[in-house]
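The next block holds one structure in the form of structure tokens; read it before the comments.
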Amino acid sequence: MLILQSLLIYGFIIWVMTYNANSVLKRRFIPQNFKQFIMDRNVFIPVLVFCFFASIRWGVGVDCNSYMVSFYDISRTSSLDKGEFLFTGIQRIIRELHLSHVPFFFTLAILQIGFVYYG
1135 MLILQSLLIY GFIIWVMTYN ANSVLKRRFI PQNFKQFIMD RNVFIPVLVF CFFASIRWGV
1195 GVDCNSYMVS FYDISRTSSL DKGEFLFTGI QRIIRELHLS HVPFFFTLAI LQIGFVYYG
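For the sequence shown, our numbering assigns the number 1135 to the initial residue and increments by one for each residue that follows.
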């Protein structure tokens, strides 16, 4: 059952991203500024879909649960020791806002995919 679920979810993500990339290519879209880039639906929708599924994941890979544990128990994280100040800063801000791990994962995902799309 998990294999079918994974195929459906990842297949959907691949389809959304491929469809929107094809639409951008057909339109020959070249943004003139950052706002125009971000507000284009063929950029905004696949980024949103990717971030949504990245933020609600549970038990995906070996790192998902360890990130969740380190989010809720900040004393167990060693990211500051490794020099990951931005990661720890985002984690602390979202914790201080009393939010769950879902917005934390969403923020990390938007940083990851946002730079890839903008590049």
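Virtual Cβ for every residue (Gly too), placed ideally from N, Cα, C.
Here G1248 is near V1181, since their CB atoms are less than 9 Å apart. Here H1235 carries a helix assignment [DSSP, helix/strand/coil].
Within the stretch 1160-1233, complete alpha helix (DSSP H) segments of at least 4 residues are found at 1168-1173, 1175-1189, 1198-1206, 1219-1230, given in chain order. The alpha carbon of Y1251 has as its nearest neighbour, out of N1176, L1142, Q1139, the alpha carbon of N1176. In the pairwise beta carbon analysis, the stretch 1159-1173 is classified as not touching the stretch 1183-1199: fewer than three pairs are separated by under 8 Å. Contact between I1143 and F1187 is confirmed by a C-beta separation of about 6 Å, below the 8 Å threshold. Of the residues Q1170, I1148, R1226, the one whose Cα lies closest to the Cα of F1205 is R1226.
Taking the C-beta atoms as reference points, S1189 is found no nearer than 9 Å to F1146. Collapsing the DSSP output to three states places M1135 in coil. Residues F1184, C1185, A1188, S1189 of the same chain have their beta carbon placed closer than 8 Å to that of A1243, with the five preceding and five following residues left out of the count. Annotated as proximal: D1174 and V1158, with beta-carbon spacing under 9 Å.
With 16 or more other CB atoms across the displayed protein chains lying within 10 angstroms of its CB, H1235 is buried.
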